[in-house]
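Enquirer: Questions regarding the structure given below will be posed in turn.
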Amino acid sequence: MPLSSNNSKTNTIKGEGRPKAVWAVFFASIIAFMGLGLVDPILPAIASQLKASPSEVTLLFTSYNAIMAIAMLVTGAISSRLGIKNTLLIGMVIIAVFSTLGGLSNNVWTIIGLRGGWGLGNALFVATALTAIVTLSKTSTAKAVILYEAAIGLGLSIGPLLGGLLGDISWRYPFIGVGLLMSSAFILLIVSMTKSKEEKTENIVKTHTSILDPIRALKHRPIRIFGITAFLYNFGFFTILAYAPFVIGLNALGIGLVFVGWGSSLAITSVFIAPKLIERFGTIQSICVMLTIYATILLVMGIWTSIQEVIIISIILSGAVSGTNNTLITTAVMKATSIETSTASAAYSFLRFIGAAIAPALAGILAAIYSPHIPFIVASVFVFGSVIFMFINRHQVYHVDRSEAKIEEQLGSSVLKVKDFMVHNVISVKENTSIGYILKLLVENHIDGVPVVDNYNNLIGIVSDGDIIRYLSPKDEFFLDFVYTILVDEQETEQRVVTEKINKTVANMMHQKQLYTVKEDDTFENALRILSHHHFKQLPVLDLENKVIGIITRGDIIKTILNNYY
17 MPLSSNNSKT NTIKGEGRPK AVWAVFFASI IAFMGLGLVD PILPAIASQL
67 KASPSEVTLL FTSYNAIMAI AMLVTGAISS RLGIKNTLLI GMVIIAVFST
117 LGGLSNNVWT IIGLRGGWGL GNALFVATAL TAIVTLSKTS TAKAVILYEA
167 AIGLGLSIGP LLGGLLGDIS WRYPFIGVGL LMSSAFILLI VSMTKSKEEK
217 TENIVKTHTS ILDPIRALKH RPIRIFGITA FLYNFGFFTI LAYAPFVIGL
267 NALGIGLVFV GWGSSLAITS VFIAPKLIER FGTIQSICVM LTIYATILLV
317 MGIWTSIQEV IIISIILSGA VSGTNNTLIT TAVMKATSIE TSTASAAYSF
367 LRFIGAAIAP ALAGILAAIY SPHIPFIVAS VFVFGSVIFM FINRHQVYHV
417 DRSEAKIEEQ LGSSVLKVKD FMVHNVISVK ENTSIGYILK LLVENHIDGV
467 PVVDNYNNLI GIVSDGDIIR YLSPKDEFFL DFVYTILVDE QETEQRVVTE
517 KINKTVANMM HQKQLYTVKE DDTFENALRI LSHHHFKQLP VLDLENKVIG
567 IITRGDIIKT ILNNYY
């Protein structure tokens, strides 16, 4: 049953390198991240008008980020069942509803609770948006991440200005404004992605991701290293975002203008400076240097907290450093492991948002107990700790700096791609194919596994010879099975099991497990890393529309090594 999808095309905007769906998600992301900065200028006004302390108001960020951290563990499972577009839209609806309800509330603790719901919506949107942009983009992972970070920067730079203008009238308007903006983004995404071929990417590998996949992903050392680094770094980031407005000494509009400068510098450096740092100094070294600068800025804020000019300048400078840090660390996570993008993003985000949840609450408590200086100083210590942690573990993540340019130097004039050595005539099966027929295919074609596809060539699963052997083997015996084995010959029991199961279909034996694939333009090195790391025998190859167009096996890897390196 060979596949014939080699002529698949991608519906892209003529003259541009990315599909329309990427730009739809990009613009929706700008609006989504406007919501975070939109609320920031009104924190002192909320404290004043609702008679709440700064330590209580900072909990608006704690509940938001805590729910986000937990929700990150299930976003992959949800999006794999609902599809990328539906998950994005549901997240936007939740944000719109809870932000609007927050603007209509009269109690700070009610708003704190509603912000948790807001965080759930944001988790669904943010994690899925990153996955969508990286998956749908025709460019490299690094460029896709830069586009995502640009959306964050633009949203964070526009949001405070709008929040300051609305908050100068009433603190409620920015909350309601978020609801209106997200409703607009909802319409934008529906209109932009309707009837486009990119919508079909909702059905990317229809394997249902398990809730446990992000937890399992934390076993991978690179994800743990970058996740813990981001966890420590976020103590500084959210201390500035959630606590600095209380010591800046300006009204809502003034705070909004300062954070416009913060968001603008973040957007510029994330797009233009971070790539140059990676090219010149490498990712790991750049992360260590930028985190050191960030920790120093926090220390300056902690020492001269009472000097307004120092706080304002430091906030804007911290935005510039945050832009580079965010892009550097996110790019490193996406390049550091062969784990599927959404799973890696969920595991990493879980760790970093735990830090983001603790930091605002800790800042408010430290300021109330000690002085306004202490939150910045403590945050500085945490960020310095991230530098030390990254430096100690740098040898475990050095491979993220092996850029395609360096691979190109090693291989010759061009990078060896998966499409250069994959098998094009793929033997595949459907869910209703019998186990017996698959065994016949394996024997006749001298192969040890086949991909399982639907009627549109979307990958559903993979069945290997090992999977079939394990399925046909008798299960662990219960008491009644044990008694039966005593009364009936054991060989007869095994024969009965094989006879019963061999005519079952693939659907009866497929497990819900993580699928690993490569694209036709992925490098040989990436395919080699996945096969060796996970001990796979074969790896499906997908085109830009995520249809199965080829397969690579251990034998193909060995032949390629012999032909190109020996």
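With the first letter of the sequence shown counted as 1, position 355 gets the number 371 in this note's numbering; the numbers rise by one all the way through.
Virtual Cβ for every residue (Gly too), placed ideally from N, Cα, C.
Here the structure is a predicted model, which means the values were calculated and not measured.
Put residue 121 into one of helix, strand or coil per three-state DSSP.
Expert: coil
Enquirer: Who pairs with residue 98 in a beta bridge, going by DSSP?
Expert: Partner(s): none; residue 98 has no beta bridge.
Enquirer: Cβ of residue 171 within 8 angstroms of Cβ of residue 268?
Expert: no
Enquirer: Roughly how many angstroms lie between the CA atoms of residue 79 and residue 134, to the nearest whole one?
Expert: 9 angstroms
Enquirer: In terms of residues, what are the limits of the alpha helix (DSSP H) holding residue 324?
Expert: 324 to 352
Enquirer: Alpha carbon to alpha carbon, how far is residue 56 from residue 276? Give it in angstroms, no decimals.
Expert: 11 angstroms
Enquirer: Under the assumption that residue 50 contacts residue 127 (Cβ atoms under 8 angstroms), give the Cβ distance between them as a whole number of angstroms.
Expert: Contact flag wrong, Cβ pair sits at about 19 angstroms.
Enquirer: Could you tell me which residues DSSP puts in a beta bridge with residue 477?
Expert: 468
Enquirer: Work out the CA separation of residue 352 and residue 293 for me, nearest whole Å.
Expert: 18 angstroms
Enquirer: Leaving out five residues before and five after residue 280 in sequence, what residues of the same chain have Cβ atoms less than 6 angstroms from its Cβ?
Expert: Apart from the 5 residues on each side of it in sequence, residue 280 sits with its Cβ closer than 6 angstroms to the Cβ of 173 in its chain, given in chain order.
Enquirer: Mind checking who residue 554 pairs with in its DSSP beta bridge?
Expert: 569
Enquirer: Return the first residue and the last residue of the alpha helix (DSSP H) that residue 229 is part of.
Expert: Taken as a continuous stretch (DSSP letters only), the alpha helix (DSSP H) holding residue 229 covers 229 to 233.
Enquirer: Using three-state DSSP, classify residue 439 as helix, strand or coil.
Expert: strand
Enquirer: Residue 450 bridges to which residues according to DSSP?
Expert: 521
Enquirer: Would you call the segment 259 to 267 in contact with the segment 404 to 412, where contact means no fewer than 3 C-beta pairs closer than 8 angstroms?
Expert: Inter-segment contact for the segment 259 to 267 and the segment 404 to 412 is absent: fewer than three beta-carbon pairs are separated by less than 8 angstroms.
Enquirer: Rounded to whole angstroms, what's the CA-CA distance from residue 469 to residue 558? Just pull it up for me.
Expert: 12 angstroms
Enquirer: Between the C-alpha atoms of residue 285 and residue 336, what's the straight-line distance to the nearest angstrom?
Expert: 6 angstroms
Enquirer: Measure the CB-CB distance between residue 395 and residue 243 and report whether it falls below 8 angstroms.
Expert: no
Enquirer: Indicate the three-state DSSP secondary structure (helix, strand or coil) for residue 563 in the structure shown.
Expert: Residue state, collapsed to three classes: strand.
Enquirer: Across the segment 310 to 321 and the segment 382 to 396, are there enough close Cβ pairs to call them in contact, namely three or more that are closer than 8 angstroms?
Expert: yes
Enquirer: Which value, in whole angstroms, describes the spacing of the CA atoms of residue 340 and residue 288?
Expert: 9 angstroms
Enquirer: Use the C-beta contact count for residue 485: other C-beta atoms within 10 angstroms, 16 or more gives buried, fewer gives exposed.
Expert: exposed
Enquirer: Between residue 402 and residue 307, is the Cβ-Cβ spacing less than 8 angstroms?
Expert: yes
Enquirer: Here's the rule: buried if 16 or more other CB atoms are within 10 angstroms of the residue's CB, otherwise exposed. What is residue 207?
Expert: exposed
Enquirer: Between residue 400 and residue 311, is the Cβ-Cβ spacing less than 8 angstroms?
Expert: yes
Enquirer: Where do the ends of the alpha helix (DSSP H) carrying residue 308 lie?
Expert: Segment 299 to 319, the alpha helix (DSSP H) holding residue 308.
Enquirer: So if DSSP puts residue 73 in a beta bridge, which residue, or which two residues, is it bridged to?
Expert: DSSP lists no partner for residue 73.
Enquirer: So residue 167 packs on residue 42, CB below 8 angstroms; how close in whole Å?
Expert: The C-beta separation of residue 167 from residue 42 comes to about 5 angstroms, placing the pair in contact by the 8 angstroms criterion.
Enquirer: Express the C-alpha separation of residue 547 and residue 570 in angstroms, rounding to a whole number.
Expert: 7 angstroms
Enquirer: Give me the Cα-Cα distance between residue 447 and residue 463, rounded to the nearest whole angstrom.
Expert: 19 angstroms
Enquirer: Which same chain residues end up closer than 7 angstroms to residue 429 when comparing Cβ atoms and leaving out the 5 residues on each side of it in sequence?
Expert: Confidence at residue 429 is low in this model, with a pLDDT of 44, below 50, so the placement of that residue is unreliable and no value is reported for it.
Enquirer: How close, in whole Å, do the beta carbons of residue 531 and residue 478 come, if the pair is a contact with beta carbons under 8 angstroms?
Expert: 7 angstroms
Enquirer: Just checking my contact of residue 84 with residue 44 at CB under 8 angstroms: how many whole Å lie between their CB atoms?
Expert: At roughly 18 angstroms, the Cβ-Cβ gap does not stay under 8 angstroms, so residue 84 and residue 44 are not in contact.
Enquirer: Identify which residue in 63, 86, 398, 379 has its Cα closest to the Cα of residue 245.
Expert: 398
Enquirer: Assuming residue 108 contacts residue 141 (C-beta within less than 8 angstroms), just tell me the rounded distance between them.
Expert: Right, the Cβ-Cβ distance comes to about 6 angstroms (below 8 angstroms), so this counts as a contact.
Enquirer: Here's the rule: buried if 16 or more other CB atoms are within 10 angstroms of the residue's CB, otherwise exposed. What is residue 188?
Expert: buried
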